[in-house]
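Below is one structure, written out as structure tokens; the observations come after it.
Protein chains: 2
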Amino acid sequence: MPTVTRVLIYEDNADLRTSLSQLLSGAPGLELVGAIGNCMQAQADMERLRPDVVLMDIDMPGCTGIEGLRRIKAVAPDINVVMLTVFEENDRVFDAICAGADGYLLKKTSPVRLLDAIGEVRAGGAPMTPAIARQVLRLFPKALPRRPAEESHANLSAREQEILGLLVEGYSYKMIAADRSISIDTVRSHIKKIYEKLHVRSMTEAVSKALREGLTKS
Amino acid sequence: MPTVTRVLIYEDNADLRTSLSQLLSGAPGLELVGAIGNCMQAQADMERLRPDVVLMDIDMPGCTGIEGLRRIKAVAPDINVVMLTVFEENDRVFDAICAGADGYLLKKTSPVRLLDAIGEVRAGGAPMTPAIARQVLRLFPKALPRRPAEESHANLSAREQEILGLLVEGYSYKMIAADRSISIDTVRSHIKKIYEKLHVRSMTEAVSKALREGLTKS
DNA sequence: GGCGCGACTACATAATGATGTGAGATGAAT
DNA sequence: ATTCATCTCACATCATTATGTAGTCGCGCC
Numbered sequence: 045m046p047t048v049t050r051v052l053i054y055e056d057n058a059d060l061r062t063s064l065s066q067l068l069s070g071a072p073g074l075e076l077v078g079a080i081g082n083c084m085q086a087q088a089d090m091e092r093l094r095p096d097v098v099l100m101d102i103d104m105p106g107c108t109g110i111e112g113l114r115r116i117k118a119v120a121p122d123i124n125v126v127m128l129t130v131f132e133e134n135d136r137v138f139d140a141i142c143a144g145a146d147g148y149l150l151k152k153t154s155p156v157r158l159l160d161a162i163g164e165v166r167a168g169g170a171p172m173t174p175a176i177a178r179q180v181l182r183l184f185p186k187a188l189p190r191r192p193a194e195e196s197h198a199n200l201s202a203r204e205q206e207i208l209g210l211l212v213e214g215y216s217y218k219m220i221a222a223d224r225s226i227s228i229d230t231v232r233s234h235i236k237k238i239y240e241k242l243h244v245r246s247m248t249e250a251v252s253k254a255l256r257e258g259l260t261k262s
Numbered sequence: 045m046p047t048v049t050r051v052l053i054y055e056d057n058a059d060l061r062t063s064l065s066q067l068l069s070g071a072p073g074l075e076l077v078g079a080i081g082n083c084m085q086a087q088a089d090m091e092r093l094r095p096d097v098v099l100m101d102i103d104m105p106g107c108t109g110i111e112g113l114r115r116i117k118a119v120a121p122d123i124n125v126v127m128l129t130v131f132e133e134n135d136r137v138f139d140a141i142c143a144g145a146d147g148y149l150l151k152k153t154s155p156v157r158l159l160d161a162i163g164e165v166r167a168g169g170a171p172m173t174p175a176i177a178r179q180v181l182r183l184f185p186k187a188l189p190r191r192p193a194e195e196s197h198a199n200l201s202a203r204e205q206e207i208l209g210l211l212v213e214g215y216s217y218k219m220i221a222a223d224r225s226i227s228i229d230t231v232r233s234h235i236k237k238i239y240e241k242l243h244v245r246s247m248t249e250a251v252s253k254a255l256r257e258g259l260t261k262s
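Line by line, the protein sequences are chains A and B. Residue 45 is where the first sequence starts when you use our numbering, and the numbers rise one by one after that. Residue 45 is where the second sequence starts when you use our numbering, and the numbers rise one by one after that.
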């Protein structure tokens with residue numbers, strides 16, 4: 045392993061590109077091999093500049109960072125690509141990870157942490173902001189194949205299942221009360237219980253869970 | 045939000061349990077509510093001790109940490125569970141994450157880092173050793189089932205489908221606005237259009253229709 | 001080069017939902 | 001005989017959603 049780490053930057057904002065460049069140029073053990081405004085030629089850039097680590101802005105005109113990431117990984121999967129973004133949006137994170145990102149940091153990350161991150165990714169780590177790390181863990185179960193043994197009616201009582209069924213049909217509290225001839229406060233009460241048992245906090249979550257896990261009696 | 049974080053330890057090795065206990069007892073902002081040698085009674089323990097954070101050894105006789113984790117998440121998904129392990133084996137990591145672990149540290153983690161981790165997980169982060177973080181990212185693409193491209197969408201624009209997808213995930217207007225970095229009024233506006241197109245009048249109806257007819261793209 | 005459409009923002013009002021606290025009545029279970 | 005879950009109802013308060021009206025901006029279309 046060579047002693048210096050060759051770093052390449054993709055960042056469309058010229059100011060940020062400059063400051064990143066300065067940060068990296070002055071860092072021991074690092075060599076900045078380029079700072080490019082778009083990733084249209086990513087593949088060619090890889091061959092020409094042979095970076096070890098790429099810092100990739102995720103929002104770029106012309107060719108998004110995600111697309112750039114794909115291109116890089118297609119020709120050189122061993123290059124470590126750390127994505128930089130302003131927001132921690134769910135889909136972006138997801139897409140980036142599926143495309144093989146090796147790290148995911150916010151742009152507001154401190155310079156020190158950024159330099160750390162480059163070392164970390166070189167050492168086989170995956171630098172991420174805490175919030176993103178958490179998102180990744182949350183995303184994981186969703187990306188998995190269907191749950192095999194799903195039976196549990198989640199301990200819903202018959203009445204509760206019935207009311208959940210009505211929610212799924214799109215009934216409002218008022219409509220349920222009218223339909224079943226009970227007070228709207230009773231409906232509230234049942235729904236509160238349902239929320240507790242399903243661990244949800246809104247009608248939509250309850251409906252979604254009910255449909256996905258077949259909790260109604262139809 | 046209480047100012048102290050209630051921490052519970054599961055660790056079968058008595059020596060380690062003692063030293064962990066001592067570490068946590070002396071930490072400001074933390075309250076050690078228990079240090080237990082097995083997780084057989086995990087559910088009861090949760091109700092009795094009401095921890096905010098659980099440190100769970102992954103290798104325990106009788107009932108593995110993974111099983112304990114499952115039990116905890118089944119009754120109290122909001123409790124943050126950080127797994128502790130000696131080795132970073134692929135399968136264990138995978139299972140733990142699928143079971144809903146909120147963090148994953150090696151036992152050789154320094155005391156300071158461990159205390160950090162508790163704060164981090166409380167703040168919505170996911171403390172992981174770098175190598176494990178990388179493993180998680182590597183695991184991700186493999187866990188993806190490919191879905192057959194389905195085309196039904198009731199004339200919903202891409203953006204509308206996207207937002208409908210978030211509704212299905214249980215997002216509120218506010219959460220969608222934050223997630224997509226748009227104003228809440230824009231969310232309203234999109235949802236109004238969705239309602240028109242789907243001929244519904246509430247979130248639950250929209251969610252129900254979306255799930256039944258496969259209108260989202262995820 | 002005007003037109004329609006999609007994405008975006010804003011403000012206002014009424015309706016509905018979320019959450020807490022409390023409580024009576026019933027029947028099953030220990 | 002007492003506990004326990006369920007079903008029922010009530011009141012209160014705050015948050016969120018539903019709906020209408022209205023306007024800007026950019027883009028493809030004819």
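Backbone N, C-alpha and C fix where the C-beta goes; we use that ideal spot for every residue, glycine too. All of these numbers come straight from a predicted model, not from anything done at the bench.
Step through the CB atoms of chain A and report whether any lies within less than 8 Å of the CB of residue i.
i          : result
Glu-132(B) : no
Arg-178(B) : yes
Asp-223(B) : yes
Asp-229(B) : no
Phe-244(B) : A quick correction: the sequence has Val, not Phe, at residue 244(B). It does; some Cβ of chain A falls within 8 Å.
Pro-192(B) : Confidence in Pro-192(B) is poor, its pLDDT being 38 and thus under 50, which makes the residue's placement unreliable; the coordinate value appears in the next sentence. For Pro-192(B), the answer is no, since every Cβ of chain A falls outside 8 Å of its Cβ.
Ser-196(B) : Because Ser-196(B) carries a pLDDT of 49, less than 50, the predicted location of this residue cannot be relied on, and the following value inherits that uncertainty. No, its Cβ sits nowhere closer than 8 Å to a Cβ of chain A.
Asp-96(B)  : no
Leu-255(B) : yes
Pro-72(B)  : no
With respect to the beta strand (DSSP E) encompassing residue i, which residues constitute its N-terminal and C-terminal limits?
i          : result
Glu-249(B) : That residue, Glu-249(B), is in no beta strand (DSSP E); its alpha helix (DSSP H) goes 247-257.
Thr-129(A) : 124-129
Based on the DSSP secondary-structure assignment, which residues constitute the bridge partners of residue i?
i          : result
Arg-50(B)  : Glu-75(B)
Met-172(A) : Tyr-148(A)
Ile-80(A)  : Tyr-54(A)
Check whether the Cβ of residue i lies closer than 8 Å to any Cβ atom in chain B.
i          : result
Ile-141(A) : yes
Thr-49(A)  : no
Gly-214(A) : yes
Met-247(A) : yes
Leu-128(A) : no
Val-251(A) : yes
Ala-145(A) : yes
Leu-67(A)  : no
Ser-262(A) : Legend: pLDDT at Ser-262(A) = 48, less than 50; position of this residue unreliable, value from coordinates given subsequently. No, Ser-262(A) lies away from the interface with chain B (no Cβ there is under 8 Å from its Cβ).
Leu-211(A) : yes
Leu-181(A) : yes
What residue does the alpha helix (DSSP H) around residue i start on, and which one ends it?
i          : result
Val-97(A)  : Careful: Val-97(A) lies outside any alpha helix (DSSP H), inside the beta strand (DSSP E) at 97-101.
Asn-134(A) : 134-142
Val-244(A) : No alpha helix (DSSP H) holds Val-244(A); DSSP gives it neither H nor E.
Ala-161(B) : 155-166
Glu-206(B) : 202-212
Gly-109(A) : 109-119
Arg-224(A) : 217-224
Gln-87(B)  : 86-93
Is residue i a contact residue of the ligand MN, with contact defined as CB to any heavy atom under 7 Å?
i          : result
Thr-108(B) : The ligand content of the structure shown is nil, which means the ligand MN is not present either.
Which residues, in order along the stretch 155-175 of chain B, keep a beta-carbon less than 9 Å from a beta-carbon of chain A?
-> Glu-164, Val-165, Ala-167, Gly-168, Gly-169, Ala-170, Pro-171, Met-172, Thr-173, Pro-174 and Ala-175
At a Cβ cut of 7 Å, what residues of the stretch 94-119 of chain A count as close to chain B, listed as they run along the chain?
-> none
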